[in-house]
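Engineer: Dropping a structure here in structure tokens format, bear with me for questions.
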Amino acid sequence: MTLRAWSAGVVGRAVHVSDLIDLATIESDDPHALLTAIYEWKYQHASTAAKATAGAGSAAILATVLPILQTQPIENTNWPWLVIAWVAAGVLVLAGGVLFGIARRLHAEFVAAQALLSELVEVRTFIRRYRAEGQS
Amino acid sequence: MSDILIAALSSVLALSTLVTAGVSRAASAVESREQLRRLKRVRVQDQLSNPTLAQLGETLVGGLGKTPLPSYVRDPQMRDEFRRTFNAIRAYVGTEAVPIDSARTSQSPGEPQDTGSDSESVVRVLDGLHTADGTAAVHALAGGETWNALARMRRALEMALASRLSEAGIVLGRGGAGSMLSLATRIGLLPAGSQGPLRHALQVANSAIHGEEARPDAALEAILTIDRALHELTGMP
């Protein structure tokens, strides 16, 4: 598996226009509902990834800060490793925030996809015809 | 010890998150750039100037179909390419509703009435055709390609009307075949009596192009009607 395929698997593959063409031409009374389901999955995926990443960062911060608050004397604390843990936890929380931002911006893509799908449904006979000619 | 474990775990998680985000972002940027380069190579505008079914289909399905939605949302140039392609497809298949007015009552005399539905009778009418488009359309119809036959005739009529109207100094707006037909009849490019049958023929073509079943005899009659109009339009001095 390439690095690119792995990252697409983790982050989620972008919807392509060819997906909308397939949706427009399949035998379905309501391709828009199918597209809505796809974007619901994408939103769930993005928001779950955001929660998991931010949650992991927060857990790391709590797991390292609470023992310090409870430990007396504080001199026994392993500071270099703690700083590394906090930096890494900060990166995770930040990444979670960015993923939340991405999830919030999905609505713009969703609206554009629905509009594009309407145009494709309008010319679906043409597309079916083109595909039929290509196969013959 | 637990501090080291937590630091190591969170570092691994943070690093993998950064690598995933970086690779994904880079991959999507490369994909968008590749797609734009591909579209420039395809030269969408050139293909749309005189399109065929294969060219338009290849532009939409093979070219624009590879576009990722985020690129479509971000890039106005990409959206322009889509708009141009959809306009060209609409012009090709015709989306204008062509109302029928006195369609069947004003048929010109001498119009062939024998429009049998079998291939034999379809081929028999070839002798009476006036244009190459008409001949090709009847052949297509005989081969069961009703859609192709009617799309071809509709396109030929639109091009002939646009050409004659532009020669007559009329600036064409956004109107389709129906409004060009009205204009052509008004300025005498077509006899007044031909407007009704032509509108009916265009409606048959539109219905077939939009996926409705067209009876072979109705399709043949539409082809003959448009063929006569093409002859009148292109045969004029």
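From first to last, the protein sequence lines are chains A and B.
The first sequence: position 92 = 1391 (this note's numbering), numbered continuously.
The second sequence: position 114 = 209 (this note's numbering), numbered continuously.
The beta carbon of each residue, even a glycine, is placed where N, CA and C say it ideally should be.
Assign His295(B) to one of three DSSP states: helix, strand, or coil.
Structural biologist: Correct three-state label for His295(B): helix.
Engineer: Taking 7 Å as the CB-CB limit, is His1315(A) close to chain B?
Structural biologist: With 7 Å as the cut-off, His1315(A) counts as an interface residue toward chain B.
Engineer: Thinking C-alpha only, which one of Leu1405(A), Ile1383(A), Ser1417(A) is nearest Leu110(B)?
Structural biologist: The shortest Cα separation from Leu110(B) among Leu1405(A), Ile1383(A), Ser1417(A) belongs to Ile1383(A).
Engineer: Of all Cβ atoms in chain B, is any one closer than 7 Å to the Cβ of Arg1403(A)?
Structural biologist: With 7 Å as the cut-off, Arg1403(A) does not count as an interface residue toward chain B.
Engineer: Using a threshold of 7 Å, state whether the C-beta atoms of Val1316(A) and Leu159(B) are closer than that.
Structural biologist: A contact, by the Cβ cut-off of 7 Å.
Engineer: How far does the alpha helix (DSSP H) with Gly1354(A) in it reach, from first residue to last?
Structural biologist: Run containing Gly1354(A): 1330 to 1369, per the alpha helix (DSSP H) assignment.
Engineer: Whole-angstrom Cβ separation of Leu164(B) and Ala1313(A), contact assumed at under 8 Å?
Structural biologist: Indeed they touch by this definition, with Cβ atoms about 6 Å apart.
Engineer: My guess is that Leu267(B) and Met254(B) are in contact by the Cβ rule of under 8 Å, so how many angstroms apart are they, rounded?
Structural biologist: Actually they are not in contact, since the Cβ atoms of Leu267(B) and Met254(B) sit about 12 Å apart, beyond 8 Å.
Engineer: If you run the structure through DSSP and keep just helix, strand and coil, what is His1315(A)?
Structural biologist: In the structure shown, His1315(A) sits in a strand (DSSP, three-state: E or B).
Engineer: CA-CA distance, Ser166(B) and Arg174(B)?
Structural biologist: In a straight line, the C-alpha of Ser166(B) is about 9 Å away from that of Arg174(B).
Engineer: Flag this pair as yes or no: are the beta carbons of Ala300(B) and Leu224(B) separated by less than 7 Å?
Structural biologist: Contact: no.
Engineer: Decide yes or no for the touch test of the region 1418 to 1429 of chain A against the region 1379 to 1399 of chain A: beta carbon pairs closer than 8 Å, at least 3 of them.
Structural biologist: Taking 8 Å as the limit for Cβ pairs, the verdict is that the region 1379 to 1399 of chain A does not touch the region 1418 to 1429 of chain A.
Engineer: Over what stretch of residues does the alpha helix (DSSP H) that includes Pro171(B) continue unbroken?
Structural biologist: Unbroken alpha helix (DSSP H) run through Pro171(B): 171 to 188.
Engineer: Name the chain A residues whose beta carbon is nearer than 7 Å to that of Ile101(B)?
Structural biologist: Near Ile101(B) (Cβ distances below 7 Å), the residues of chain A are Ala1359, Ala1362, Thr1363, Ala1384.
Engineer: Got a sec? Which residues, its chain only, sit under 7 Å from Trp1385(A) by beta carbon, not counting five neighbours each side?
Structural biologist: The answer, listed in chain order, is Ile1360, Thr1363.
Engineer: Can you give the Cα-Cα distance for Ile97(B) and Leu113(B), rounded to whole angstroms?
Structural biologist: Contrary to the premise, residue 97(B) reads as Ser rather than Ile in this sequence. One C-alpha to the other measures close to 24 Å.
Engineer: Assuming Leu260(B) contacts Leu278(B) under a Cβ cut-off of 8 Å, what Cβ separation, rounded to an integer in Å, is found between them?
Structural biologist: Indeed they touch by this definition, with Cβ atoms about 6 Å apart.
Engineer: Between which two residues does the alpha helix (DSSP H) containing Asn1377(A) stretch?
Structural biologist: Asn1377(A) -> no alpha helix (DSSP H), and no H or E assigned at all.
Engineer: Would you please state the rounded distance, in angstroms, between the beta carbons of Val156(B) and Ile1337(A)? I believe it to be under 8 Å.
Structural biologist: About 19 Å separates the two Cβ atoms, so there is no contact after all.
Engineer: What number of angstroms, rounded off, separates the C-alpha of Trp242(B) from the C-alpha of Trp1340(A)?
Structural biologist: Each residue's Cα considered, the two are about 38 Å apart.
Engineer: If the cut is a Cβ gap below 7 Å, which residues of chain B does Ile1320(A) touch?
Structural biologist: Those are Val156, Gly160, listed as they occur along chain B.
Engineer: For the region 297 to 320 of chain B, which residues have a CB atom closer than 8 Å to at least one CB atom of chain A, in sequence order?
Structural biologist: Per Cβ criterion, the list reads Ile304, His305, Gly306.
Engineer: What three-state label does DSSP hand Pro286(B) in the structure shown?
Structural biologist: Here Pro286(B) sits in coil by DSSP.
Engineer: Is the separation between the beta-carbon of Met248(B) and that of Ile318(B) shorter than 7 Å?
Structural biologist: Contact flag set, yes.
Engineer: Taking any Cβ of chain A, which residues in the region 237 to 249 of chain B have a Cβ under 9 Å from it, in chain order?
Structural biologist: Here the close residues are Trp242, Asn243, Ala246.
Engineer: Buried or exposed: where does Ser1327(A) fall if 16 or more other Cβ atoms within 10 Å of its Cβ makes it buried?
Structural biologist: Ser1327(A) comes out exposed.
Engineer: By the 10 Å Cβ neighbour count, where 16 or more other Cβ atoms means buried, how is Asp1329(A) classified, buried or exposed?
Structural biologist: Per the 10 Å Cβ criterion, exposed.
Engineer: So Asp98(B) contacts chain A; which residues on that side make the cut at Cβ distance below 7 Å?
Structural biologist: Going along chain A in sequence order, the residues near Asp98(B) (Cβ under 7 Å) are Thr1363, Asn1377, Trp1380, Leu1381, Ala1384.
Engineer: Measure the CB-CB distance between Ala1323(A) and Val1420(A) and report whether it falls below 7 Å.
Structural biologist: Cβ atoms of Ala1323(A) and Val1420(A): closer than 7 Å.
Engineer: In chain order, what residues of the same chain lie with their CB nearer than 7 Å to the CB of Ala314(B), ignoring the 5 residues before and after it?
Structural biologist: Closer than 7 Å at Cβ, skipping near neighbours: Leu236, Thr241, Ala244, Leu245, Val299, Ala303.
Engineer: Against chain B, does Phe1399(A) count as a neighbour if the rule is that its beta carbon must be under 7 Å from one of theirs?
Structural biologist: By this cut-off, Phe1399(A) is not an interface position.
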